[in-house]
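Q: Heads up: the sequence shown begins at -6 in our numbering, then just goes up one per residue.
Dropping the structure in here first, questions after.
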Amino acid sequence: METEIGNYMLKHWNNCDNTTRCLEDVYENPNKAISIEKKYIDYLLMSGKEDGVSPIYCVGPEIISYPIVMIMRKTLSTHEKIDALIGRITASGLIDKWLSFYNGTTNEFFKPEESGKMLKFTNLKPMFLSMGIGNVLLCFIFVMELIYNHFIPS
-6 METEIGNYML
4 KHWNNCDNTT
14 RCLEDVYENP
24 NKAISIEKKY
34 IDYLLMSGKE
44 DGVSPIYCVG
54 PEIISYPIVM
64 IMRKTLSTHE
74 KIDALIGRIT
84 ASGLIDKWLS
94 FYNGTTNEFF
104 KPEESGKMLK
114 FTNLKPMFLS
124 MGIGNVLLCF
134 IFVMELIYNH
144 FIPS
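So this is what it looks like as structure tokens:
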């Protein structure tokens, strides 16, 4: 990172403690980019897949995502240089080498889309609704029993 762009990036580097806020900053500011772990961004982008809605609403046509997980706006001032760097990495065969290493390992990688559907609060709403209706019905029956026992002596 001896280059002018590298020095500029190091000078303006900011560690982010809230990824969602940082992604919103990237969406709102054309001169910001974020670099995060691939598995984390896959989780963010695919966690709402079964609902058809991605929880990251800012990822649209004005955002680019590379496999090495550099998310930026197309209007970022260093976009062309980063794009050229990614092109060189791809042309040199490093991406293919990384993919062959990834596919050739004996370890089983966790694939959330194959492990089943993730349980979310929205999946539990019908259960809570039926419990609420049941509790209201039970309270109504209890009040009716109290009224019955109070006004009709045995």
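Every residue gets a Cβ at the ideal spot worked out from N, C-alpha and C, and that includes glycine.
All values derive from a computational prediction rather than experimental measurement.
Using DSSP with H/G/I as helix, E/B as strand and the rest coil, what is P48?
A: Summary for P48: the model assigns pLDDT 46, below 50, so the residue's position carries little reliability; its value from the coordinates is reported in the next sentence. Three-state DSSP puts P48 in coil, outside helix and strand.
Q: Going by DSSP in three states, F82 sits in which element: helix, strand or coil?
A: In the sequence on display, residue 82 carries Ile and not Phe. Looking at I82 - three-state DSSP - the assignment turns out to be helix.
Q: What is the DSSP secondary structure of M120, reduced to helix, strand or coil?
A: Three-state DSSP puts M120 in a helix.
Q: For V19, count neighbouring Cβ atoms within 10 angstroms of its own Cβ and tell me buried if that reaches 16, exposed if not.
A: That one is buried.
Q: Quick one: measure Cβ to Cβ for T68 and P23, integer angstroms, because I've assumed they're closer than 8 Å.
A: Indeed, because the Cβ distance is near 4 Å, the residues count as touching under 8 Å.
Q: So, helix, strand or coil for I145, using DSSP?
A: Here I145 sits in coil by DSSP.
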